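Report on one structure; see the data block that follows.
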Amino acid sequence: MTQGRSYLAGLLTGVVATAMLGIVGLRATAAPRDAATLVAPIASAAQDTMPKPAVKVLLENDKVRVREVVFAPGSGDTHTHPWAHVGVILTKGQLAFADAGKPEEVVDFEAGSVGFREAKVTHLARNPGKIPMKVIEVEVK
Numbered sequence: 036m037t038q039g040r041s042y043l044a045g046l047l048t049g050v051v052a053t054a055m056l057g058i059v060g061l062r063a064t065a066a067p068r069d070a071a072t073l074v075a076p077i078a079s080a081a082q083d084t085m086p087k088p089a090v091k092v093l094l095e096n097d098k099v100r101v102r103e104v105v106f107a108p109g110s111g112d113t114h115t116h117p118w119a120h121v122g123v124i125l126t127k128g129q130l131a132f133a134d135a136g137k138p139e140e141v142v143d144f145e146a147g148s149v150g151f152r153e154a155k156v157t158h159l160a161r162n163p164g165k166i167p168m169k170v171i172e173v174e175v176k
């Protein structure tokens, strides 16, 4: 059990360090306080027609939450991240992001890409492509 924890701690440290160095990153954008209001028009249209991504919690304790998120083609949702997090892209593909008050941006990802997002950011994330996108999110509490 200790070896598993050490491996996870090393993996988490490596992912966070890589993201902080900015080797490959998502734009970290601090949303205004009323971000939910600004994203509401996007959210209401998108939520009515778009299936939600599949989310599975892989690990959670008082320090981190690790989630696997699978965006099927056409799936997405508007959400706010409670904690800063690192996303590790497991499959090549595209994700589209619409941060509060900004136009949508489609980003091409390679497997192994990583990115960082601040806490309390509200945005729409969706898969505009034809293949599923799998992401591991490591949220630091």
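Per our numbering, the sequence shown starts with residue 36, numbered consecutively.
Virtual Cβ for every residue (Gly too), placed ideally from N, Cα, C.
None of these values were measured; they are calculated from a predicted model.
Quiz prompt | Helix, strand or coil at residue 113 [DSSP, three-state] | solution = Taking the sequence shown and counting its residues from 1, the one referred to as residue 113 is at position 78. If DSSP states are grouped into helix, strand and coil, residue 113 belongs with the strands.
Quiz item: Name the DSSP bridge partner or partners of residue 101?
Solution: Locating residue 101 in the sequence shown gives position 66, counting from the first residue. Its beta-bridge partners are 94 and 173.
Quiz prompt | Backbone secondary structure at residue 84 - three-state DSSP | solution = In the sequence shown, counting from the first residue as 1, residue 84 sits at position 49. Helix at residue 84.
Self-check item: Integer Cβ distance of residue 143 from residue 129, believed to fall under 8 Å
Solution: To locate residue 143, count along the sequence shown from 1; it is residue 108. To locate residue 129, count along the sequence shown from 1; it is residue 94. Sure, about 5 Å apart at Cβ, within 8 Å.
Quiz item: Using a Cβ-Cβ cut-off of 6 Å (strictly less than) and excluding sequence neighbours within five positions of residue 131, which residues of its own chain qualify?
Solution: Taking the sequence shown and counting its residues from 1, the one referred to as residue 131 is at position 96. Excluding sequence neighbours, residue 131 sits near 139, 141, 161 and 163.
Quiz item: Just reading off the beta strand (DSSP E) that residue 157 is part of, what are its end residues?
Solution: To locate residue 157, count along the sequence shown from 1; it is residue 122. Its beta strand (DSSP E) spans residues 157 to 161.
Practice problem: Flag this pair as yes or no: are the beta carbons of residue 106 and residue 117 separated by less than 8 Å? | Solution: Your numbering for residue 106 matches position 71 in the sequence shown. Your numbering for residue 117 matches position 82 in the sequence shown. Against a cut-off of 8 Å, the Cβ pair of residue 117 and residue 106 comes out as no contact.
Quiz item: Are residue 120 and residue 135 closer than 8 Å when you measure CB to CB?
Solution: Along the sequence shown, read from residue 1 onward, the residue named residue 120 stands at position 85. Along the sequence shown, read from residue 1 onward, the residue named residue 135 stands at position 100. Result no, Cβ atoms of residue 120 and residue 135 do not sit closer than 8 Å.
Practice problem: Name the one or two DSSP bridge partners that residue 140 has. | Solution: Mapped onto the sequence shown, residue 140 falls at position 105. According to DSSP, which records beta bridges pairwise, residue 140 is partnered with 132.
Quiz item: What is the DSSP secondary structure of residue 119, counted as helix, strand or coil?
Solution: Along the sequence shown, one-based indexing puts residue 119 at 84. In the structure shown, residue 119 sits in a strand (DSSP, three-state: E or B).
Quiz item: Which residues in the same chain have their Cβ closer than 6 Å to the Cβ of residue 84, if we skip the five residues on either side of it in sequence?
Solution: In the sequence shown, residue 84 corresponds to position 49, counting from 1. Once the five neighbours on either side are set aside, residue 84 has no close Cβ partner at all.
Quiz prompt | Distance, residue 93 Cα to residue 122 Cα | solution = Here residue 122 refers to the residue found at position 87 when the sequence shown is read from its first residue. Here residue 93 refers to the residue found at position 58 when the sequence shown is read from its first residue. One C-alpha to the other measures close to 14 Å.
Practice problem: Tell me, please, which residues DSSP counts as bridged to residue 124. | Solution: Mapped onto the sequence shown, residue 124 falls at position 89. DSSP lists 170 as partners of residue 124.
Quiz item: Distance, Cα to Cα, residue 170 vs residue 101?
Solution: Stepping through the sequence shown from its first residue, residue 170 is reached at position 135. Stepping through the sequence shown from its first residue, residue 101 is reached at position 66. The alpha-carbon atoms of residue 170 and residue 101 are separated by roughly 10 Å.
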